[in-house]
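J.:
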Amino acid sequence: MDLLLIILSLDEIVDVITSNDFYLHAHQIIFKGILSLLSNAKSVDILTLEQYFKEQGILEQLEGLAYIAQLVKITPTTANFKAYIDIVVLYSKHRKLLRLGQNIISEIQVAKSAEKLDELLENIEKQFTDLTLS
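So in the numbering used here, the last spot in the sequence shown is 134, and the numbers never skip.
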């Protein structure tokens with residue numbers, strides 16, 4: 001979670017990832033908060049994020065300021081932020097592909113007619129195309 005330290009590179013980041021790419025809900029919320037502050041031309045640091053989350057009534061979901069501070073503290077360097085973003089994207093694609101596979105398994109068990117199978121195949125193709133284009 002290097003986003004607090006690499007705000008200057010945010011334009012590059014938002015072209016690559018969305019909040020849904022983060023596995024942990026807390027990281028999704030923090031990412032959205034950072035984007036919201038920046039889109040309103042506000043500075044982003046631990047204190048402005050804390051205030052934003054208080055105003056939104058969601059600071060408790062993040063275990064308070066301590067969680068955000070811990071994320072900043074455990075981030076080793078900003079030099080590798082591109083590699084961090086690549087990792088987030090990689091694991092996001094893994095999860096999406098896994099969900100697609102699970103969906104295929106559950107849907108194929110109920111699609112007993114040729115028409116339902118054709119519909120399922122069409123749906124799978126669309127979902128797979130969406131996944132590969134993301």
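Built from N, CA and C at the ideal position, the CB exists for glycine as well.
(1) With distance defined between alpha-carbon atoms, name the residue in L120, E107, I30 and R99 nearest to L65.
(2) Who are the near neighbours of L8 in its chain, counting only those whose CB is closer than 8 Å to its CB and skipping five residues on each side?
(3) If we call anything under 9 Å between Cβ atoms a contact, is L121 one with L97?
(4) Spell out a yes or no on whether the region 34 to 41 and the region 108 to 119 are touching, meaning 3 or more CB-CB pairs, one atom from each, closer than 8 Å.
(5) Find out if the Cβ-Cβ distance for the pair I58, V44 is shorter than 9 Å.
(6) On the premise that F53 lies in contact with L62, defined as a C-beta separation below 8 Å, what is that separation, rounded to the nearest angstrom?
(7) Whole angstroms are fine: how far does the CA of V88 sit from the CA of K103?
(8) Are there 16 or more other CB atoms within 10 angstroms of the CB of D15, so buried, or fewer, so exposed?
(9) Can you find the residues in the same chain that come closer than 7 Å, C-beta to C-beta, to D2, ignoring five residues on each side of it along the sequence?
(10) Return the CA-CA distance between T18 and K32, expressed in angstroms with no decimal places.
(11) Return the first residue and the last residue of the alpha helix (DSSP H) that A69 is part of.
T.: Short version:
(1) Between L65 and the set L120, E107, I30 and R99, the nearest pair of CA atoms involves I30.
(2) Summary for L8: the model assigns pLDDT 49, below 50, so the residue's position carries little reliability; its value from the coordinates is reported in the next sentence. Hits under 8 Å: none found.
(3) Cβ distance not < 9 Å, so L121 and L97 don't count as in contact.
(4) Contact between the region 34 to 41 and the region 108 to 119 is absent, because fewer than three Cβ pairs lie under 8 Å.
(5) The answer is no: Cβ separation not under 9 Å.
(6) That pair is a contact at about 6 Å.
(7) Checking the sequence, you will find Asn at residue 103 rather than Lys. Looking at the two C-alpha atoms, the distance is approximately 22 Å.
(8) Flag for D15 reads exposed.
(9) Confidence at D2 is low in this model, with a pLDDT of 43, below 50, so its placement is unreliable and the value that follows should be read with caution. These residues qualify, in order along the chain: T75, T78, F81 and Y84.
(10) Taking the straight line from one Cα to the other gives about 9 Å.
(11) Bounds of the alpha helix (DSSP H) holding A69 are L65 to I74.
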